[in-house]
Ligand code: C2O
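In full-length UniProt numbering, the protein residues as written are 87 to 433.
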C-alpha cells in the first residue's frame with residue numbers, strides 16, 4: 087500500500103545524530119490542524135517560470151528578498167513562518183512521523199519518494215512567498231549548478247545583510263570558490279577547468295545514463311516498510327554532494343545544509359532543490375531505453391497514491407498525492423530555458 091500522509095497529532099521530536107556530537111532531540115513538529123483539504127490542481131492564468139539565480143535582475147531580487155523577509159517576520163507559530171517551513175523538512179526526514187507502523191519511522195529520502203516530496207515542499211514554499219508579496223505569479227529561483235557559470239554559490243545568497251544569507255555555511259566555499267558536484271568531504275585540488283569538466287561528466291553520467299524510473303528516482307518504499315530502501319542517481323550525486331559542500335563542517339551537525347534537520351534554515355536550500363526538481367523535468371525529456379520512446383515515471387499506484395501534508399499559502403493544511411506532481415505545468419510552473427552543457431558532454 088502507498089505511504090500515507092502522517093498524522094500530525096502523533097508527531098514526535100526528531101532525532102539528530104553525528105559521530106562526534108552524539109544524539110540530540112529536536113522539536114520540529116508543525117502546528118496541528120484537523121481540517122485537511124484534499125489538494126485540487128490550481129487555476130492560473132499563466133505559467134510561472136523559475137529563473138536561474140545567477141542571472142536575475144534587481145527588480146526580481148528586491149521582490150524575492152521582500153518575500154523572504156516577510157516570511158521570516160510571521161509569528162513563530164504560523165505554519166508559513168520561515169522556521170516552521172524549515173521544520174517541515176526536519177519532521178519528514180529525522181523521524182518525526184511513523185510510516186504506518188509504530189516501529190518504522192517515515193523517511194522521505196533514500197527512496198522513490200525523494201523527488202515528489204521535495205517538489206510538493208517547494209511548491210507550497212513558493213506559493214507562500216508569492217502570498218507574502220501579493221504576487222501569485224512569483225516563481226522562486228533555481229541554483230543552476232549544472233552549468234559552469236552557476237557552479238558557485240549565487241551572489242544574492244552571500245550578502246550578510248540579506249534575508250537570503252545564512253552564516254552556517256562552509257567559510258571556504260564562498261564565491262568565487264567553485265562547487266564540486268562529486269564532493270564527499272575532502273577538497274579536490276583541481277584547476278577550475280578540470281573541475282568544470284568533472285562536474286559536467288557527473289551530470290552526464292547521472293542524468294543521461296540512468297534511464298529507468300528506479301535508477302533515477304530510487305527504490306520502492308511503501309507503508310510499513312523500513313526506511314531508506316535505496317536512493318536514485320541524482321539524489322546521491324550531485325544532490326547530497328551539494329548539501330555537504332555548503333554545510334559548515336565546524337558545526338556539530340554540519341549545519342545548516344549538511345543535515346536534514348537544519349537544511350531548510352538556509353535559504354539556499356530551496357534554490358538547490360529547485361534545480362534538483364528541474365532535473366526531473368529534463369530527465370523526462372531525454373530519450374528512453376528503447377529507440378523513439380520517452381522516459382517514464384513509475385506506474386505503480388503505491389507510488390502514485392503516496393501522500394503528504396503541507397500547509398499552503400493561506401495556512402490551510404493540504405493532503406497531496408504523488409500523482410498530482412508529475413507535471414509541473416499542471417502546478418502552474420516551469421523553468422527558464424538555459425543552456426544544458428552536460429548533454430553533449432559524454433565523458
Ligand atoms: Cu530533503 Cu536536499 O534534502
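We put the beta carbon where it would ideally sit given N, CA and C, even for glycine.
- For the set 105, 299, 218 and 351, the Cα lying nearest the Cα of residue 197 is the one of 299.
- If you draw a straight line from the Cα of residue 270 to the Cα of residue 331, it is about 8 angstroms long.
- According to DSSP, residue 404 shares a beta bridge with 123 and 396.
- Residue state for residue 128 is assigned as coil, using DSSP reduced to three classes.
- Here residue 378 is exposed. Its C-beta has fewer than 16 other C-beta atoms within 10 Å.
- For residue 110, the beta-bridge partners assigned by DSSP are 102.
- Not one heavy atom of the ligand C2O falls within 7 angstroms of the beta-carbon of residue 303.
- Around the beta carbon of residue 345, 16 or more other beta carbons sit within 10 angstroms, so the residue counts as buried.
- Judged by their CB atoms, residue 303 and residue 318 are nearer to each other than the 8 angstroms cut-off.
- When distances are taken from the beta-carbon of residue 179 to the heavy atoms of the ligand C2O, the shortest one is below 7 angstroms.
- Under the three-state reduction of DSSP output, residue 228 falls in the strand class.
- Note that the C-beta distance between residue 364 and residue 290 is not below 8 angstroms.
- With a cutoff of 7 angstroms, residue 411 does not count as near the ligand C2O, since its C-beta is closer than that to no heavy atom of the ligand.
- Residue 396 has its Cβ no nearer than 7 angstroms to any heavy atom of the ligand C2O.
- Along the stretch 160 to 228, the alpha helix (DSSP H) occurs as fully enclosed runs of 4 or more residues at 168 to 179 and 200 to 218, listed in sequence order.
- Within the same chain, 374, 375 and 381 come within 7 angstroms of residue 297 by CB-CB distance, once the 5 residues on both sides are set aside.
- Under the three-state reduction of DSSP output, residue 411 falls in the helix class.
- Rounded to whole angstroms, the Cβ separation of residue 178 and residue 353 is 19 angstroms, and the two are not in contact under 8 angstroms.
- Within the stretch 243 to 305, there are no complete beta strand (DSSP E) runs of at least 3 residues.
- A distance below 8 angstroms separates the beta carbons of residue 101 and residue 180.
- C-alpha of residue 89 to C-alpha of residue 150: approximately 34 angstroms in a straight line.
- When DSSP states are grouped into helix, strand and coil, residue 381 belongs to the coil group.
- With contact defined as three or more Cβ pairs closer than 8 angstroms, the stretch 96 to 110 and the stretch 122 to 141 are not in contact.
- Rounded to the nearest whole angstrom, the CA to CA distance from residue 355 to residue 206 is 14 angstroms.
- In the DSSP assignment, residue 419 falls within the unbroken beta strand (DSSP E) covering 419 to 421.
- Across the structure, residue 279 and residue 427 are spaced so that their CA atoms are roughly 14 angstroms apart.
- DSSP, reduced to helix, strand and coil, places residue 307 outside both helices and strands of the structure shown, so it counts as coil.
- One Cα belongs to residue 307, the other to residue 405, and the distance between them is close to 19 angstroms.
- Straight through space, the alpha carbons of residue 161 and residue 295 are spaced by roughly 46 angstroms.
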